[in-house]
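To start, the structure under review is shown below, and the notes come after it.
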Ligand SMILES: [Zn+2]
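In the numbering used here, the protein residues as written are 1200 to 1697.
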C-alpha cells in the first residue's frame, strides 16, 4: 500500500474524539465556513469579506499593504489606535500560499473584532492584521510567491515586492510584537524518514538567533509562552516546539526551526520586536480537519491579544528596556555559530491507526548556540557601493541610517573569499578616504542586529553574500567597512536622504 492510501485510511490520525472537542465549539465566522462543507477562500471572497466587515464596524480601518507581483491587493486591517502608550501587535498569515488555516483564522478574528466581541482589548492595544501576505501563492494553492521565491526567507534581503511592501507598511505602525502564522507538513518527509505522521496540532517557536536581545527572548518565554500553552491546554490541543527536517532521507536529524537572520521569525526579533511562529498541522492534507486547524490559530491569537492587553504598560516597558539594551550593547558580535544537538522524542503518530508513536530523533537545537566567528562590535558600518539600495532595505527593517561628510578615517576592511556558496573574510586595518555623502549605519540602535546580519559579509544571507552589494570581478575587498571608534560622532550625523 502506498503512502497516500495509508495516510488516507488513517484519516491523519485526527478523529474528533480528543478531549476538548467541546471547548473548540464556538462561533467562528469566515468565508470558508459559510458553505455546508469548508472551502478554500478565494482572493475575491476574502476582499468581499473584509469589505463587509468595514460596513459593519466603525472600529476597523481597512488599508492595503500593496500589490503582489500579479497585481492582487494585499489587505491590511487595523483595529484600535496605534498610540505610543499601546503595544502594536502585528498578526501576519499565509506567507506560504498553501497554508490556508492561519489566514482563515485572521478573517474569523477580524469578524469577531468587527462585531465588538473583543472590544475591551482594543482600548489597550493596536492590532494590525495581514490575513494573506502571499496572495498570488494562495490563488494557486502554492507555497512560494509568483516569482518562485520563498517570502518567509526574504526578510533580511527584502528582494521581493510583497515582502518589501509588508515592511513598508510596518514603518507607519512599527510593531512591538509579531505573530507569524503557518502550517506544517503532516506526512511526506516524516513518513519517508520516520514512517510516521506529525501528531501535534500546533508547533510554536520564538525567534532563535544569537543576536536577539535577551529581554525580547525573555518576554517570549515567560510571558507569551504561558499564554499560548494555557490556550492550547484549555482547547484540548497538543503542541510541540516547531521542528523541521530537510527533504533528503539520509540526514535523519530534525532542527528546532533555524537561526538564519532572513527567516521572518528571526528578522522581526533582530529588528527589536517580540516574535513568534505559530504552525498548525495542515500541509499536504487539503482541507481535512480545516475547522480544527483554523480554530487552533484563532484560539492562540485570541490568547495573545488578551495577554498583550492585560498590562500594556508593563509589556511596553519590557520591550523598551530590551531595545535600549541592544542600543547600548558593547559585547562582541557572534557572526557565525553552530548549534548543539541532543536527543528528543518526536510526537509522531502511526499513519494507519493514528495511535501515538513517540519516535527518538536527534535535534539540532537552535537555542543552544556555540559561537564560531566572533568579532568586536563596531560603532557602525560605512557602505561605499550600492548605498541607496542598502539604505532603503535597512530602513524598511527599522534601521536608522546616516549620511556623512567627507573625511580620512581609520577603519577595519574585509578581505573576501568565496568558498562554494559561503563567504569568508579576513579583517585588516586600513585608512580610507571617505567620500562626501557616504552611507553610515550606526550600531547604537535597537535594530543593530539587522545591521550586523546584513553587513558582516560572512553572516548567513548577508548583502554581500547575496550580491545586493556587488563586488567587481577580481575584487577581494568588500566596499563595506567597520568603523571602530566614536571620535567622528557620525552616529549623530544627518539622516540619510531617500
Ligand atoms: Zn509556512
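We put the CB at the ideal spot given by N, CA and C, even for glycine.
Which residue's Cα is closest to the Cα of residue i: the options?
i            : options                : result
residue 1437 : 1495, 1587, 1394       : 1495
residue 1637 : 1653, 1685, 1348, 1696 : 1696
residue 1356 : 1589, 1686, 1367       : 1589
residue 1305 : 1548, 1381, 1428, 1265 : 1381
residue 1513 : 1442, 1300, 1323       : 1323
residue 1458 : 1629, 1674, 1535       : 1535
residue 1290 : 1429, 1424, 1473       : 1473
residue 1397 : 1470, 1407, 1422, 1482 : 1482
residue 1262 : 1296, 1668, 1327, 1320 : 1327
residue 1511 : 1522, 1420, 1282, 1547 : 1282
residue 1258 : 1558, 1251, 1278       : 1278
residue 1600 : 1591, 1385, 1295       : 1591
residue 1255 : 1299, 1313, 1292, 1231 : 1313
residue 1502 : 1251, 1477, 1417, 1440 : 1477
residue 1620 : 1647, 1450, 1460, 1660 : 1660
residue 1635 : 1652, 1662, 1607, 1603 : 1603
residue 1585 : 1669, 1280, 1524       : 1669
residue 1237 : 1298, 1541, 1679, 1488 : 1488
residue 1622 : 1653, 1596, 1648, 1595 : 1653
residue 1746 : 1252, 1647, 1253       : As displayed, the chain neither begins before 1200 nor continues past 1697, which places residue 1746 out of reach and without an answer.
residue 1406 : 1575, 1399, 1420, 1301 : 1420
residue 1574 : 1353, 1425, 1683, 1365 : 1683
residue 1523 : 1470, 1540, 1349       : 1470
residue 1499 : 1300, 1235, 1233, 1284 : 1300
Counting only the same chain and skipping the five closest in sequence on each side, list residues whose C-beta sits under 6 Å from that of residue i.
i            : result
residue 1526 : 1643, 1644, 1645
residue 1454 : 1443, 1563
residue 1627 : 1612
residue 1260 : 1277
residue 1340 : 1297
residue 1630 : 1609
residue 1704 : In the structure as shown, the chain starts at 1200 and stops at 1697, and residue 1704 therefore has no counterpart that could be examined.
residue 1698 : Summary: the structure shown does not reach residue 1698, with the chain confined to residues 1200 through 1697, and so no result is reported for it.
residue 1371 : none
Leaving out five residues before and five after residue i in sequence, what residues of the same chain have Cβ atoms less than 8 Å from its Cβ?
i            : result
residue 1717 : With the chain running from 1200 to 1697 in the structure shown, residue 1717 is simply not present.
residue 1375 : 1286, 1287, 1288, 1472, 1473, 1514, 1515, 1518
residue 1271 : 1242, 1334, 1335, 1338
residue 1246 : 1272, 1274
residue 1309 : 1249, 1252, 1259, 1276, 1278, 1328, 1330
residue 1462 : 1351, 1352, 1354, 1456
residue 1201 : Low local confidence applies: a pLDDT of 36 at residue 1201 is under 50, so the model's placement there is unreliable, with the coordinate-based value given in what follows. Contacts found: none.
residue 1383 : 1397, 1402, 1441, 1443, 1478, 1479, 1480, 1481, 1482
Using a Cβ-Cβ cut-off of 7 Å (strictly less than) and excluding sequence neighbours within five positions of residue i, which residues of its own chain qualify?
i            : result
residue 1543 : 1560, 1562
residue 1650 : 1580, 1593, 1598, 1640, 1642
residue 1537 : 1569, 1571
residue 1624 : 1613, 1614, 1615, 1656, 1657
residue 1307 : 1227, 1228, 1229, 1493, 1497
residue 1368 : 1264, 1275
residue 1317 : 1311, 1504
residue 1389 : 1395, 1396, 1397, 1547
residue 1224 : Any reading at residue 1224 needs caution, since the residue's pLDDT is 43, under 50, leaving its predicted position unreliable; the model's value is listed next. There are no such residues.
residue 1606 : 1633, 1687
residue 1507 : 1286, 1288, 1324, 1376, 1514
residue 1280 : 1325
Around the C-beta of residue i, are 16 or more other C-beta atoms found within 10 angstroms, so that it is buried, or is it exposed?
i            : result
residue 1479 : buried
residue 1240 : buried
residue 1666 : exposed
residue 1664 : buried
residue 1315 : exposed
residue 1295 : buried
residue 1678 : buried
residue 1450 : exposed
residue 1303 : buried
residue 1412 : buried
residue 1373 : exposed
residue 1685 : exposed
residue 1618 : exposed
residue 1674 : exposed
residue 1213 : At residue 1213, the pLDDT of 47 sits below 50, so the modelled position is not reliable; the number obtained from the coordinates is stated separately. Counting Cβ neighbours within 10 Å, residue 1213 comes out buried, since at least 16 surround it.
residue 1379 : buried
residue 1700 : This structure cannot speak to residue 1700, because the chain is shown only from 1200 to 1697.
query: Around ligand 1, which residues pass a check of Cβ closer than 5 Å to any of its heavy atoms?
result: 1295, 1298, 1381
- prompt: At which residue ranges does the stretch 1355-1424 contain complete beta strand (DSSP E) runs of 3 or more residues, listed in the order of the chain?
  reply: 1376-1384, 1401-1405
query: Which runs of the beta strand (DSSP E) fall wholly inside the stretch 1252-1302 and span at least 3 residues, in chain order?
result: 1259-1266, 1272-1278, 1287-1292
task: Please go through the stretch 1636-1687 and give each complete alpha helix (DSSP H) segment of 4 or more residues, from N-terminal end onward.
output: 1647-1654
task: Output the residue ranges of the beta strand (DSSP E) runs that lie fully inside the stretch 1307-1345 and measure 3 residues or longer, sorted by chain position.
output: 1325-1329
message: Please give me, in chain order, every unbroken run of the beta strand (DSSP E) with length at least 3 that falls completely inside the stretch 1532-1560.
response: 1532-1548
task: Any chance you could list the alpha helix (DSSP H) runs of at least 4 consecutive residues sitting entirely within the stretch 1460-1526, in chain order?
output: 1463-1469, 1489-1509, 1511-1526
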